[in-house]
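A.B. asks: Please find one structure pasted underneath; my questions will follow.
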Amino acid sequence: MSDATMEQKLRLVQQVRSRYQEDQYDLSNRERILYGRTSISPDRAAGYGSYYDDYYQEGAMPGGGEASSFRLRLFLAMFLVMLVIVMDVNGIAVAGITAEKIYEVISADYEEVLETWVEAISSNVRK
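Heads up: the sequence shown begins at 2 in my numbering, then just goes up one per residue.
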């Protein structure tokens with residue numbers, strides 16, 4: 002009885018290792034598609050190490066050292082908000098657009114417009 006249990010454990014371990022290697026292969030394919038990676042390090046090819054080591058190293062930037070545009074987008078958003086506030090405080094209109102018009106557009110309820118748009122698209126797709 003104990004031999005059968007050991008055999009079952011051995012098969013289970015082999016299945017787990019096989020599944021782990023399949024998952025790593027799938028993950029490397031996804032990384033290749035998403036991030037354009039063309040090579041796999043020898044540790045990863047052999048099934049050793051973690052795929053996420055590169056991402057969580059101190060000082061390492063995600064995406065292979067490429068600069069992120071988050072700071073630029075954050076600065077741009079803050080600049081635009083400040084611009085609208087300054088327009089509102091000083092009563093300035095830019096190209097005939099006032100801060101009140103901007104507030105109206107932001108706070109408008111677009112649910113009906115979106116529903117009709119989705120219905121129009123879905124009826125075109127069915128045809």
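Virtual Cβ for every residue (Gly too), placed ideally from N, Cα, C.
Just so we're clear, the structure is a prediction, and the values are computed from it rather than from any experiment.
(1) Please state whether the Cβ-Cβ distance between Val85 and Ile103 is less than 7 Å.
(2) Using the beta-carbon count (16 or more within 10 Å), is Ala100 buried or exposed?
(3) Alpha carbon to alpha carbon, how far is Arg31 from Gln25?
(4) Just checking my contact of Val95 with Met88 at CB under 8 Å: how many whole Å lie between their CB atoms?
(5) How far does the alpha helix (DSSP H) with Ser108 in it reach, from first residue to last?
(6) CB-CB under 7 Å to Arg18, same chain, minus the five flanking residues each way: which ones, in chain order?
(7) Roughly how many whole angstroms lie between the Cα atoms of Arg12 and Gln22?
(8) What's the gap between the Cα of Ser29 and the Cα of Val14?
(9) Run through the DSSP bridge pairs and tell me what Val95 is partnered with.
(10) Three-state secondary structure (DSSP) at Tyr111?
C.D. replies: Reading from the atomic positions:
(1) yes
(2) That one is buried.
(3) 10 Å
(4) 7 Å
(5) Ala100 to Ser108
(6) none
(7) Using only the alpha carbons, I get a separation of about 15 Å.
(8) 22 Å
(9) Ile98
(10) coil
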